[in-house]
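What follows is a set of notes on a single structure, which appears directly below.
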Amino acid sequence: MAEAVVRAEPVDVHPPTRLETTSYRIVRALFKGLATPYFRLEVRGRENLPAEGPFVLAPVHRSNIDFLLAATTRPERMRYMGKASIWKYPTLGRFFSMLGAFPVHRGTADRESLRTCIRVIENGESLVLFPEGSRRSGPVVEDLFDGAAYVAARSGVPIVPVGIGGSEAAMPPGKTFIAPHKVVVVIGEPIVAGSSEGPSRAPRRVVREMTDRLHASLQAVFDEARKRAGV
Numbered sequence: 555m556a557e558a559v560v561r562a563e564p565v566d567v568h569p570p571t572r573l574e575t576t577s578y579r580i581v582r583a584l585f586k587g588l589a590t591p592y593f594r595l596e597v598r599g600r601e602n603l604p605a606e607g608p609f610v611l612a613p614v615h616r617s618n619i620d621f622l623l624a625a626t627t628r629p630e631r632m633r634y635m636g637k638a639s640i641w642k643y644p645t646l647g648r649f650f651s652m653l654g655a656f657p658v659h660r661g662t663a664d665r666e667s668l669r670t671c672i673r674v675i676e677n678g679e680s681l682v683l684f685p686e687g688s689r690r691s692g693p694v695v696e697d698l699f700d701g702a703a704y705v706a707a708r709s710g711v712p713i714v715p716v717g718i719g720g721s722e723a724a725m726p727p728g729k730t731f732i733a734p735h736k737v738v739v740v741i742g743e744p745i746v747a748g749s750s751e752g753p754s755r756a757p758r759r760v761v762r763e764m765t766d767r768l769h770a771s772l773q774a775v776f777d778e779a780r781k782r783a784g785v
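In structure tokens:
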């Protein structure tokens, strides 16, 4: 499996303030209110989300709207990695930070990005990581990066696979207009590290096994989501 290929500068990942929490919920509610009729949005499998504690949400990635669709799975704020170039614009950067995003530089493996993710989990917030790394195309889940499994194993939290069907048809790469195509989000059963060595340790064998399990689960929920979305 591929190694994680993101690089991050040290980032302040303090627990959310009341303003950040409120702002996230308002933006999420607005998007969900618009997306439900526009996309005929369905979210299935919410019962698979852990009832307590943080986790790593691992969706497929086929469209720029996937991070917003991932937010419809639960009302509580989750954290996201964002392209560092966004933060070149101070107002836009502050807005995305308020919504839970933090900057990373793509292209170089770097432990700092993973340490940032682990600090997010330690703060009690759930984390959205797209295990395919970058936006892909088509019905096949390709090789996954190990970052999601590493963060989950090291933090002792589950990974929750998420299939998003129809988002690529709604907004394919290179398009700026979002078409009213049906979108279905399918949440799979959580995957827990099978290591007896406890959190804070993430042996390569355990990370590899979790990544393999995630790959199979992600393909299954993606297939279901695409079928229900009619793509």
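If you want our numbering, it's the 1-based position in the sequence shown plus 554.
We put the CB at the ideal spot given by N, CA and C, even for glycine.
Predicted model only: the values in this text are computed from it and were never measured.
Worksheet item: Helix, strand or coil: which one does DSSP assign to residue 612?
Response: strand
Worksheet item: At a Cβ threshold of 8 Å, is residue 775 touching chain D?
Response: Among the chains in the structure shown there is no chain D, since it carries only a single protein chain.
Discussion item. On a Cα-Cα basis, can you pick out the residue from 596, 597, 728 and 636 that is closest to residue 652?
Written reply: 636
Worksheet item: Roughly how many angstroms lie between the CA atoms of residue 656 and residue 777, to the nearest whole one?
Response: 30 Å
Worksheet item: What beta strand (DSSP E) runs, 3 residues minimum, are completely inside the stretch 727-777?
Response: 738-741
Item to complete: Kindly indicate which three-state DSSP category residue 596 falls into: helix, strand or coil?
Response: strand
Worksheet entry | Classification of residue 584 by the beta-carbon crowding that lies within 10 angstroms, buried from 16 upward | exposed
Fill in: Boundaries of the beta strand (DSSP E) in which residue 682 is found, first to last residue
680-682
Discussion item. Looking at the secondary structure, which residues open and close the beta strand (DSSP E) in which residue 634 lies?
Written reply: 632-637
Fill in: Segment contact, 8 Å Cβ cut-off, at least three pairs: the stretch 606-623 with the stretch 681-691
yes
Discussion item. Using only the alpha-carbon positions, how far apart do residue 757 and residue 733 sit?
Written reply: 44 Å
Practice prompt. Put residue 657 into one of helix, strand or coil per three-state DSSP.
Written response: strand
Discussion item. If I measure Cβ to Cβ from residue 602 and keep anything under 7 Å in the same chain, skipping five residues before and after, which residues do I get?
Written reply: 714, 741, 742, 743 and 744
Worksheet item: Does the distance from the CB of residue 678 to the CB of residue 578 come in under 8 Å?
Response: no
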